[in-house]
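J.: First residue of the sequence shown? That's 1 in my numbering, and the numbers climb one at a time after it.
Here a beta-carbon is modelled for each residue, glycine too, at the ideal position from N, C-alpha and C.
Since we're looking at a predicted model, the values are computed, not measured.
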Amino acid sequence: MNQRQESVRIPVFANNRPESIHITAPTRAGLLADLEQKMAARQGFTLATLNLDHLVKLRKDAAFLGAYQAHSHVVADGNPIIWLSRLAGQQVELIPGSELVQPLAALAARTGTRVGLLGSTDEVLALTAQRLESAHPGLNVALRHAPPFGFDPRGPAADHAIDLLREQDIGLCFLALGAPKQEIFAAYAAQSALQCGFASVGAGLDFIAGSQVRAPKWVQSIAMEWAWRMASNPRRLARRYADCFAILPGLALRARRSRMAAQKET
1 MNQRQESVRI PVFANNRPES IHITAPTRAG LLADLEQKMA ARQGFTLATL NLDHLVKLRK
61 DAAFLGAYQA HSHVVADGNP IIWLSRLAGQ QVELIPGSEL VQPLAALAAR TGTRVGLLGS
121 TDEVLALTAQ RLESAHPGLN VALRHAPPFG FDPRGPAADH AIDLLREQDI GLCFLALGAP
181 KQEIFAAYAA QSALQCGFAS VGAGLDFIAG SQVRAPKWVQ SIAMEWAWRM ASNPRRLARR
241 YADCFAILPG LALRARRSRM AAQKET
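1. Tell me which same chain residues have a C-beta within less than 7 Å of the C-beta of R268, skipping the five on either side of it?
2. Return the first residue and the last residue of the alpha helix (DSSP H) that C244 is part of.
3. Quick check: the segment 48–61 against the segment 76–89, are there 3 or more CB pairs under 8 Å?
4. Who are G116's beta bridge partners in DSSP?
5. Please state whether the Cβ-Cβ distance between I170 and V115 is less than 9 Å.
6. Please list, in chain order, all residues of the same chain as Q5 whose beta carbon is under 7 Å from its beta carbon, the five residues on each side excluded.
7. Please check the pair A242 and G44, which I expect to be a contact at CB under 8 Å, by giving their CB distance rounded to whole angstroms.
8. Give me the residue from G119, S120, L104 and P216 with the minimum Cα distance to T113.
9. Report all residues from its chain with a CB closer than 7 Å to the CB of C244; omit the five preceding and five following residues, and keep chain order.
10. Rounding to the nearest angstrom, what Cα-Cα distance links G30 and V75 in this structure?
11. Among the candidates G78, P147, G155 and N233, whose CA atom is the shortest distance from the CA of S175?
12. Using three-state DSSP, classify S72 as helix, strand or coil.
13. Assign P275 to one of three DSSP states: helix, strand, or coil.
14. Pull up the DSSP beta-bridge partners for T49, would you.
15. My guess is that H71 and A186 are in contact by the Cβ rule of under 8 Å, so how many angstroms apart are they, rounded?
16. For L267 versus A209, is the C-beta spacing smaller than 9 Å?
17. Is R144 near D122, with beta carbons less than 9 Å apart?
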């Protein structure tokens with residue numbers, strides 16, 4: 001399948017010019033089926049989970065944009081991405097990155113794929129590995145690596161992490177480095193001829209370890225998880241969400257124009 005032909009295009013205005021990000025995996029079932037095939041065949045992949053905060057960063061960070069556009073798989077992580085897709089006349093499923101850790105671990109156990117955890121802290125990684133192996137019999141978390149503070153996703157520390165992945169024959173690596181470092185590292189490491197899949201999952205490992213707590217299900221169901229997060233840390237997150245809301249009108253307008261242009265072509 002040509003993923004770009006089947007993808008959903010999200011218009012982005014970055015670096016003072018029109019750009020776009022393609023959601024290459026509109027459905028959870030299709031994503032997991034494709035990634036299981038790649039794990040079984042030991043084919044590498046890079047998975048990013050697009051949200052509104054990423055769109056803010058993509059407008060200003062050329063390295064982040066280039067890394068995103070190089071990813072083999074991009075999913076919609078966040079209701080604003082779902083709404084923008086609908087405005088553009090296309091349907092995608094909500095697939096939060098934090099909810100992909102367990103199903104991807106299950107695929108790794110089923111295919112005999114060795115798993116690596118990269119990011120967060122040693123304590124979080126140890127507890128996450130224990131809980132994942134307990135939940136998925138046969139799973140082998142063969143590498144746990146918490147990079148040093150100030151990790152450069154394309155520097156010597158990144159090269160060291162790649163060496164560790166190669167030495168342990170890792171076929172699936174969960175990245176918990178935060179954006180944009182995790183996506184930039186994934187794109188960088190994918191150029192190293194590793195037969196490894198990289199999944200950027202943000203706080204997904206911390207949720208499993210319990211070092212961070214996700215919003216209750218009822219809050220998620222009414223699309224107010226962002227407000228729950230901001231209430232837990234307003235000083236750090238208020239500016240982030242203000243920036244997110246500021247770009248929504250322009251993104252909505254571009255999505256609507258994209259839909260109208262597509263209708264004229266048909």
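T.: So, from the listed chains and residues:
1. Absent from the structure is residue 268, since the part of the chain shown begins at 1 and ends at 266.
2. Here residue 244 refers to the residue found at position 244 of the sequence shown. Its alpha helix (DSSP H) spans residues P234 to E265.
3. Contact holds: three or more Cβ-Cβ distances are below 8 Å.
4. For the purposes of this step, residue 116 is taken as the residue at position 116 of the sequence shown. Partner residues in the beta bridge of G116, as assigned by DSSP, are L143 and C173.
5. Taking the sequence shown and counting its residues from 1, the one referred to as residue 170 is at position 170. Taking the sequence shown and counting its residues from 1, the one referred to as residue 115 is at position 115. Note that the C-beta distance between I170 and V115 is below 9 Å.
6. Position 5 of the sequence shown, counted from the first residue, corresponds to residue 5. In this prediction, Q5 has a pLDDT of 39, which is less than 50 and means its spatial position is unreliable; what the coordinates show is noted afterwards. If we look at Q5 and ignore the five residues flanking it on each side, it has no Cβ neighbours.
7. Against the sequence shown, residue 242 aligns to sequence position 242. Against the sequence shown, residue 44 aligns to sequence position 44. About 37 Å separates the beta carbon of A242 from that of G44, a gap too long to meet the 8 Å contact definition.
8. As a working note, residue 113 is residue 113 in the sequence shown. Among G119, S120, L104 and P216, the Cα nearest to that of T113 belongs to L104.
9. Along the sequence shown, read from residue 1 onward, the residue named residue 244 stands at position 244. Excluding residues within five positions, the ones whose Cβ falls inside 7 Å are L52, D53 and V56.
10. As a first step, residue 30 is located in the sequence shown; it is residue number 30 there, counting from the start. As a first step, residue 75 is located in the sequence shown; it is residue number 75 there, counting from the start. Taking the CA atoms as reference points, G30 sits about 11 Å from V75.
11. The residue labelled residue 175 in the question sits at position 175 within the sequence shown. Note on identity: in this sequence residue 175 is Leu, with Ser being the wrong assignment. Here the closest residue by C-alpha is P147.
12. Translated into the one-based positions of the sequence shown, residue 72 becomes position 72. DSSP places S72 outside both helix and strand once states are collapsed to three, so it counts as coil.
13. Nothing about residue 275 can be reported from this structure: the residues present for the chain run from 1 to 266 only.
14. Taking the first residue of the sequence shown as 1, we reach residue 49 at position 49. Looking at the DSSP assignment, T49 forms a beta bridge with V75.
15. Looking up residue 71 in the sequence shown gives position 71. Looking up residue 186 in the sequence shown gives position 186. About 7 Å; that satisfies the 8 Å criterion.
16. Any answer about residue 267 is impossible in this case: the structure gives the chain only from 1 up to 266.
17. As a working mapping, residue 144 is identified with position 144 in the sequence shown. As a working mapping, residue 122 is identified with position 122 in the sequence shown. In this structure, D122 lies closer than 9 Å to R144 by Cβ.
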